[in-house]
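The sequence shown maps to residues 10 to 172 in my numbering.
Note that CB positions come from ideal geometry on N, CA and C, so glycine has one too.
Down below is the structure, laid out as C-alpha coordinates.
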Amino acid sequence: NPDGCQLGLRANANGVDLNRNFPAANWKEGETVYRWNSAAEERDVVLLTGDKPGSEPETQALCQLIHRIQPAWVVSFHDPLACIEDPRHSELGEWLAQAFELPLVTSVGYETPGSFGSWCADLNLHCITAEFPPISSDEASEKYLFAMANLLRWHPKDAIRPS
(Lines of atoms letter the chains of each structure in order from A and count residues from 1; the text may use other names and numbers.)
(Lines give C-alpha, C1' and ligand atoms only; values in the text may rest on other atoms or scores of the structure.)
Protein backbone atom coordinates (compact mmCIF):
# COMPACT_ATOMS: atom_id res chain seq x y z
CA ASN A 1 0.00 0.00 0.00
CA PRO A 2 2.34 2.75 -1.19
CA ASP A 3 -0.37 5.41 -0.83
CA GLY A 4 -0.94 4.50 2.80
CA CYS A 5 2.78 4.50 3.54
CA GLN A 6 3.07 8.02 2.20
CA LEU A 7 -0.01 9.17 4.14
CA GLY A 8 0.85 7.33 7.35
CA LEU A 9 -2.48 5.51 7.14
CA ARG A 10 -3.76 2.09 6.19
CA ALA A 11 -5.95 3.63 3.48
CA ASN A 12 -5.06 4.04 -0.16
CA ALA A 13 -5.33 7.34 -2.08
CA ASN A 14 -9.13 6.83 -2.34
CA GLY A 15 -9.45 6.75 1.45
CA VAL A 16 -10.29 3.03 1.39
CA ASP A 17 -9.01 0.73 4.12
CA LEU A 18 -7.68 -2.05 1.90
CA ASN A 19 -8.02 -4.61 4.68
CA ARG A 20 -11.78 -3.98 4.77
CA ASN A 21 -12.22 -4.09 0.98
CA PHE A 22 -11.89 -7.81 0.26
CA PRO A 23 -14.90 -9.60 -1.27
CA ALA A 24 -15.57 -11.58 1.90
CA ALA A 25 -19.06 -12.73 2.84
CA ASN A 26 -18.89 -10.42 5.87
CA TRP A 27 -17.94 -7.24 3.92
CA LYS A 28 -19.79 -4.14 5.16
CA GLU A 29 -20.43 -0.97 3.24
CA GLY A 30 -19.59 2.37 4.78
CA GLU A 31 -17.04 3.72 7.21
CA THR A 32 -14.65 1.80 9.42
CA VAL A 33 -12.28 2.62 12.26
CA TYR A 34 -9.40 0.55 13.51
CA ARG A 35 -7.34 -0.15 16.58
CA TRP A 36 -3.88 1.34 16.42
CA ASN A 37 -2.52 -0.32 19.55
CA SER A 38 -3.52 -3.12 21.87
CA ALA A 39 -4.94 -0.74 24.51
CA ALA A 40 -7.05 1.48 22.24
CA GLU A 41 -10.73 0.86 21.61
CA GLU A 42 -10.58 2.58 18.21
CA ARG A 43 -8.44 5.03 16.37
CA ASP A 44 -10.12 8.23 15.55
CA VAL A 45 -9.42 7.96 11.86
CA VAL A 46 -12.43 7.20 9.70
CA LEU A 47 -11.79 5.22 6.54
CA LEU A 48 -14.06 3.74 3.89
CA THR A 49 -14.58 0.10 2.95
CA GLY A 50 -14.94 0.89 -0.77
CA ASP A 51 -17.81 1.33 -3.22
CA LYS A 52 -18.22 -2.44 -3.32
CA PRO A 53 -16.28 -5.51 -2.17
CA GLY A 54 -12.99 -5.75 -4.04
CA SER A 55 -13.40 -2.32 -5.63
CA GLU A 56 -9.78 -1.23 -5.23
CA PRO A 57 -6.98 -2.16 -7.66
CA GLU A 58 -4.68 -3.23 -4.81
CA THR A 59 -7.33 -5.64 -3.49
CA GLN A 60 -8.07 -6.96 -6.98
CA ALA A 61 -4.37 -7.62 -7.61
CA LEU A 62 -3.95 -9.63 -4.41
CA CYS A 63 -7.14 -11.63 -5.06
CA GLN A 64 -5.95 -12.45 -8.59
CA LEU A 65 -2.55 -13.52 -7.28
CA ILE A 66 -4.09 -15.83 -4.66
CA HIS A 67 -6.38 -17.43 -7.26
CA ARG A 68 -3.47 -17.85 -9.67
CA ILE A 69 -0.90 -19.40 -7.33
CA GLN A 70 -3.36 -21.20 -4.99
CA PRO A 71 -1.11 -21.30 -1.91
CA ALA A 72 -1.64 -23.89 0.83
CA TRP A 73 -1.41 -21.11 3.44
CA VAL A 74 -0.66 -17.39 3.70
CA VAL A 75 0.79 -15.13 6.36
CA SER A 76 -0.49 -11.55 6.43
CA PHE A 77 1.78 -9.05 8.20
CA HIS A 78 0.31 -6.16 10.17
CA ASP A 79 0.95 -4.05 13.22
CA PRO A 80 0.68 -3.03 16.08
CA LEU A 81 -1.13 -5.70 18.15
CA ALA A 82 1.99 -7.79 18.92
CA CYS A 83 0.61 -11.30 18.41
CA ILE A 84 0.31 -14.17 15.96
CA GLU A 85 -3.38 -14.73 15.15
CA ASP A 86 -4.09 -18.25 13.97
CA PRO A 87 -7.70 -19.44 14.33
CA ARG A 88 -6.53 -23.02 13.67
CA HIS A 89 -3.69 -22.91 16.23
CA SER A 90 -1.64 -24.79 13.62
CA GLU A 91 1.95 -25.99 13.54
CA LEU A 92 2.83 -22.97 11.42
CA GLY A 93 1.15 -20.63 13.90
CA GLU A 94 3.12 -22.19 16.75
CA TRP A 95 6.34 -21.91 14.74
CA LEU A 96 5.65 -18.23 13.97
CA ALA A 97 4.88 -17.45 17.61
CA GLN A 98 8.19 -18.99 18.65
CA ALA A 99 10.21 -17.48 15.78
CA PHE A 100 8.79 -13.97 16.28
CA GLU A 101 8.62 -14.28 20.08
CA LEU A 102 4.97 -13.19 20.08
CA PRO A 103 1.94 -14.77 21.77
CA LEU A 104 -0.25 -17.10 19.70
CA VAL A 105 -3.95 -16.16 19.79
CA THR A 106 -7.00 -17.51 17.97
CA SER A 107 -8.55 -14.03 17.54
CA VAL A 108 -7.45 -10.40 17.79
CA GLY A 109 -10.63 -9.76 19.76
CA TYR A 110 -12.72 -7.73 17.34
CA GLU A 111 -14.54 -8.27 14.04
CA THR A 112 -12.71 -7.66 10.79
CA PRO A 113 -15.40 -7.56 8.08
CA GLY A 114 -14.05 -7.50 4.54
CA SER A 115 -10.53 -8.31 5.70
CA PHE A 116 -8.00 -10.44 3.86
CA GLY A 117 -8.30 -13.03 6.63
CA SER A 118 -12.10 -13.13 6.31
CA TRP A 119 -11.84 -13.56 2.55
CA CYS A 120 -9.27 -16.34 2.99
CA ALA A 121 -11.62 -18.09 5.44
CA ASP A 122 -14.36 -17.96 2.78
CA LEU A 123 -11.93 -19.71 0.39
CA ASN A 124 -10.90 -22.19 3.10
CA LEU A 125 -7.36 -20.83 2.71
CA HIS A 126 -5.39 -20.98 5.95
CA CYS A 127 -4.44 -17.40 6.81
CA ILE A 128 -2.29 -16.48 9.78
CA THR A 129 -1.98 -12.83 10.74
CA ALA A 130 1.37 -11.78 12.18
CA GLU A 131 0.88 -8.56 14.14
CA PHE A 132 4.15 -6.81 14.90
CA PRO A 133 4.41 -4.62 17.99
CA PRO A 134 4.42 -0.82 17.59
CA ILE A 135 8.09 -0.42 16.63
CA SER A 136 9.86 1.38 13.80
CA SER A 137 10.39 -0.25 10.42
CA ASP A 138 14.13 -0.31 11.04
CA GLU A 139 13.71 -2.05 14.40
CA ALA A 140 11.23 -4.53 12.89
CA SER A 141 13.71 -5.35 10.12
CA GLU A 142 16.50 -5.94 12.62
CA LYS A 143 14.33 -7.96 14.99
CA TYR A 144 12.35 -10.07 12.50
CA LEU A 145 14.40 -10.38 9.30
CA PHE A 146 15.91 -13.76 10.22
CA ALA A 147 12.50 -15.21 11.13
CA MET A 148 10.93 -13.82 7.94
CA ALA A 149 13.68 -15.36 5.81
CA ASN A 150 13.16 -18.69 7.57
CA LEU A 151 9.42 -18.45 6.94
CA LEU A 152 10.14 -18.55 3.20
CA ARG A 153 11.70 -21.99 3.74
CA TRP A 154 9.22 -23.24 6.36
CA HIS A 155 8.03 -26.81 6.01
CA PRO A 156 5.81 -28.80 8.41
CA LYS A 157 8.79 -30.94 9.43
CA ASP A 158 10.32 -27.75 10.91
CA ALA A 159 7.30 -27.12 13.09
CA ILE A 160 7.24 -27.27 16.84
CA ARG A 161 6.03 -30.65 18.00
CA PRO A 162 3.99 -30.73 21.20
CA SER A 163 5.78 -32.57 24.02
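| query | result |
| --- | --- |
| Stretch pair the segment 30 to 42 + the segment 52 to 70: three plus CB contacts closer than 8 Å | yes |
| Simplified DSSP state of residue 95, which is helix, strand or coil | coil |
| Residue 155 beta carbon less than 7 Å from that of residue 149 | no |
| Residue 93 beta carbon less than 7 Å from that of residue 139 | yes |
| N-terminal and C-terminal residue of the alpha helix (DSSP H) that residue 68 is part of | 66 to 78 |
| Beta-carbon spacing of residue 57, residue 25 below 7 Å | yes |
| Proximity below 7 Å, CB of residue 124 to CB of residue 28 | yes |
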